[in-house]
Ligand code: SAM
Ligand code: SF4
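Dropping the structure here:
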């Protein structure tokens with residue numbers, strides 16, 4: 011059985027299928043490499059950001075994303091860097107939200123650090139965004155300041171209140187870090203569930219040079235789950251978000267908890283996603299150096315058919331999977347940072 015056989019909604023629409031029979035229905039679009047925070051596992055303290063001329067304009071981002079939707083992509087997640095620091099980004103949200111419908115997108119969503127949500131929650135909800143992911147690794151203001159190198163937790167909490175008031179469903183994403191938040195993770199999950207939010211824990215991935223040794227940070231979610239099992243009842247559930255998370259229900263809190271384990275469990279066989287960077291580079295695998303330059307295609311004046319062909323060719327070459335490892339002496343698995351690729 012191919013993925014198409016199991017997805018009746020796709021049969022009537024064009025679809026992008028890779029060389030291993032996986033239908034690509036999910037596009038993540040990084041709209042900027044810039045950010046107002048400097049999370050220790052994501053960036054180095056003194057990042058050099060891209061010159062503006064290399065970054066796609068909002069119109070170019072809309073055109074490429076639209077081409078993916080023409081070809082069968084059903085879910086678009088806007089990410090970064092921090093997407094809400096990109097000037098004029100609401101125009102892109104509004105344009106893409108107009109493509110939500112039976113012949114277009116099922117969902118337009120966002121991953122954000124939450125610092126600007128107080129300002130953006132209402133416009134996002136009005137545009138048609140229904141669910142957002144907010145990255146938050148700690149509820150301790152001092153630890154937050156240290157982990158983000160200067161961030162203000164109060165802004166994120168105010169943003170979360172605004173998101174709830176605007177009717178957005180929120181999922182809290184936390185990277186599990188051995189020295190920084192390991193002992194706080196149960197409280198963070200319980201807090202999220204108490205707020206009515208889903209929660210997902212993520213293993214730190216070796217992407218891009220940062221200032222600290224990743225082997226010191228890495229915490230296996232197998233160990234975290236074992237710890238949770240000792241005081242919580244975790245029931246496996248079949249909650250599918252089209253993502254790599256494995257979900258459980260925490261019976262004691264009544265909330266949903268996801269585990270994303272790229273290192274301790276490889277999830278490539280079900281991968282339905284590709285990533286477009288803010289420079290128009292298409293990465294068909296998060297953990298490999300493969301790349302197709304769609305900006306060159308766009309800026310050479312390509313028509314729709316040529317753009318579609320370039321996208322199809324890139325998808326046809328999607329690698330079977332990644333091979334993330336965290337070794338003290340090994341370089342990062344990929345040189346680019348998550349903030350460039352779009353997490
Ligand atoms: N700035 C936004 C935010 O923080 O949500 C969106 C971009 S950020 C790159 C997307 C997600 O990637 C965040 O949840 C962040 O925690 C995660 N991330 C960044 N670097 C990572 C790494 N090396 N390993 C695992 N997750 C990482
Ligand atoms: Fe910025 Fe998000 Fe990276 Fe943190 S994880 S530095 S908020 S892009």
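In the working numbering, the protein residues as written are 11 to 353. Quick reminder that beta carbons are idealized off the backbone N, C-alpha and C, glycines included.
Query, Result
"Spatial distance of residue 42 from residue 153 (CA atoms)", "26 angstroms"
"Which residues DSSP lists as bridging residue 285, in chain order", "38, 293"
"DSSP beta-bridge partners of residue 89", "40"
"Among 83, 148, 54, 48, the one whose alpha carbon lies nearest that of residue 33", "83"
"Member of 67, 48, 307 whose CA lies at the smallest distance from the CA of residue 58", "48"
"Contact set for residue 289: own chain, Cβ-Cβ below 7 angstroms, skip 5 residues either direction", "60, 64, 65, 66, 305"
"Beta-carbon spacing of residue 231, residue 207 below 7 angstroms", "no"
"As assigned by DSSP and simplified to three states, the class of residue 208", "strand"
"Distance, residue 50 Cα to residue 158 Cα", "6 angstroms"
"Beta-carbon proximity list for residue 308, same chain, < 6 angstroms, skipping 5 on both sides", "70"
"Three-state secondary structure (DSSP) of residue 124", "coil"
"Three-pair Cβ contact test at 8 angstroms for the region 172-179 versus the region 119-131", "yes"
"C-alpha distance - residue 311 paired with residue 166, whole-angstrom precision", "41 angstroms"
"Other residues of its chain near residue 28: CB distance less than 7 angstroms, five sequence neighbours each side excluded", "34, 325, 326, 328"
"Presumed contact (8 angstroms Cβ cut-off) between residue 209 and residue 265, rounded CB distance", "7 angstroms"
"Those residues which DSSP pairs with residue 303 across a bridge", "291"
"Nearest-angstrom Cβ-Cβ length linking residue 81 and residue 293, presumed shorter than 8 angstroms", "About 17 angstroms separates the two Cβ atoms, so there is no contact after all."
"Proximity winner among 134, 302, 55, 279, relative to residue 160 (alpha-carbon distances)", "55"
"Residue of 180, 120, 279 minimising C-alpha distance to residue 201", "180"
"Host alpha helix (DSSP H) of residue 99 (start-end)", "99-107"
"Residues near residue 185 in its chain [Cβ-Cβ closer than 7 angstroms; skip 5 each side]", "51, 147, 212, 214"
"Sub-7 angstroms separation of residue 131 and residue 168 beta-carbons", "no"
"Three-state secondary structure (DSSP) of residue 162", "coil"
"Opening and closing residue of the beta strand (DSSP E) in which residue 234 lies", "Per DSSP, residue 234 belongs to no beta strand (DSSP E); it is in the alpha helix (DSSP H), 231-239."
"Cβ neighbour criterion (16 or more within 10 Å) applied to residue 92", "buried"
"Whole-angstrom C-beta distance between residue 87 and residue 119, which should lie under 8 angstroms", "5 angstroms"
"Coarse secondary structure for residue 59, derived from DSSP in three states", "coil"
"Burial state of residue 62 (16 or more Cβ within 10 Å)", "exposed"
"Interface flag, residue 247 vs chain B, CB-CB below 7 angstroms", "Of the protein chains in this structure there is only one, and it is not chain B."
"Burial state of residue 338 (16 or more Cβ within 10 Å)", "Below a pLDDT of 50, predicted positions are generally treated as unreliable, and residue 338, at 47, falls in that range; the measurement from the model is reported next regardless. Exposed."
"Helix, strand or coil at residue 328 according to DSSP, with G and I counted as helix", "coil"
"Cα-Cα separation, residue 254 to residue 137", "27 angstroms"
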